[in-house]
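Participant: Read the sequence shown against my numbering and you will find it ends at 1048, with the numbers running on by one and no gaps.
Even glycine gets a Cβ: it sits at the ideal position worked out from N, Cα and C.
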Amino acid sequence: MATRNEPTTDRPPAGHGSAQPCPITPVLDIVFSRWTTPILWTLHHFGRQRFVQLNRNIGPITAKVLTQRLRQLERDGLVTRTYHPEVPPRVEYEISELGLSLAPLFAALTDWSHHHLPAVERARTAFDTTTP
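In structure tokens form, the structure reads like this:
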């Protein structure tokens, strides 16, 4: 049994800094960059898509940015790209198994947003009306 002065976790004592960086920072960098989440959500929701379909379903994203994000997602293993050597050539994108493993995370965030975004908006309004 731990006494009051014995640490009960692997965290360093308060004020001593952290030997380890925040473990979720790399995940945030991979998954929550500007267009990554809409791309992954769209591929999960609509399934395999060609570039133009994906671009239409996502909304106001430039072709250049979409190409860059898809390449990065493919590199990270979250999206698969399939090239079909036809005339004209056809390329399709779909969420990978690794990308699908993010579904519980996105579901939890969706649930959180449904339950808590109204409170966030109320807090913002209260702050904006009381802060000079």
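Between the C-alpha atoms of E1037 and T1046, what's the straight-line distance to the nearest angstrom?
Facilitator: As a first step, residue 1037 is located in the sequence shown; it is residue number 121 there, counting from the start. As a first step, residue 1046 is located in the sequence shown; it is residue number 130 there, counting from the start. Looking at the two C-alpha atoms, the distance is approximately 14 Å.
Participant: Determine the direct distance from the alpha carbon of H1030 to that of T996, and round the result to whole angstroms.
Facilitator: Your numbering for residue 996 matches position 80 in the sequence shown. Your numbering for residue 1030 matches position 114 in the sequence shown. So the alpha carbons of these two residues sit roughly 30 Å apart.
Participant: Given that a residue counts as buried once 16 or more other Cβ atoms are within 10 Å of its Cβ, and exposed if not, what is G1015?
Facilitator: Locating residue 1015 in the sequence shown gives position 99, counting from the first residue. G1015 should be labelled buried.
Participant: With 16 other CB atoms within 10 Å as the buried threshold, where does Y1009 fall?
Facilitator: On the sequence shown, residue 1009 is found 93 positions in, with the first residue counted as 1. Answer is buried; the Cβ neighbour count reaches 16.
Participant: Between which two residues does the alpha helix (DSSP H) carrying I946 extend?
Facilitator: Residue 946 sits at position 30 when you count from the first residue of the sequence shown. Run containing I946: T941 to V947, per the alpha helix (DSSP H) assignment.
Participant: Less than 7 Å between C-beta atoms, sequence neighbours within five positions excluded: which residues of the same chain meet that for A979?
Facilitator: Numbered from its first residue, the sequence shown carries residue 979 at position 63. N971, listed in sequence order.
Participant: Nearest to D945 by CA position, among V1003, S1012, A1024 and R985, is which residue?
Facilitator: To locate residue 945, count along the sequence shown from 1; it is residue 29. Of the candidates V1003, S1012, A1024 and R985, the one whose C-alpha sits nearest the C-alpha of D945 is R985.
Participant: When you compare the CB positions of T952 and L982, do they come within less than 8 Å of one another, or not?
Facilitator: For the purposes of this step, residue 952 is identified with residue 36 of the sequence shown, where counting begins at 1. For the purposes of this step, residue 982 is identified with residue 66 of the sequence shown, where counting begins at 1. Taking 8 Å as the cut-off, the Cβ atoms of T952 and L982 do not count as close.
Participant: Are the Cβ atoms of L1033 and S1012 separated by less than 8 Å?
Facilitator: In the sequence shown, the residue the question calls residue 1033 occupies position 117. In the sequence shown, the residue the question calls residue 1012 occupies position 96. No, the Cβ-Cβ distance between L1033 and S1012 is not below 8 Å.
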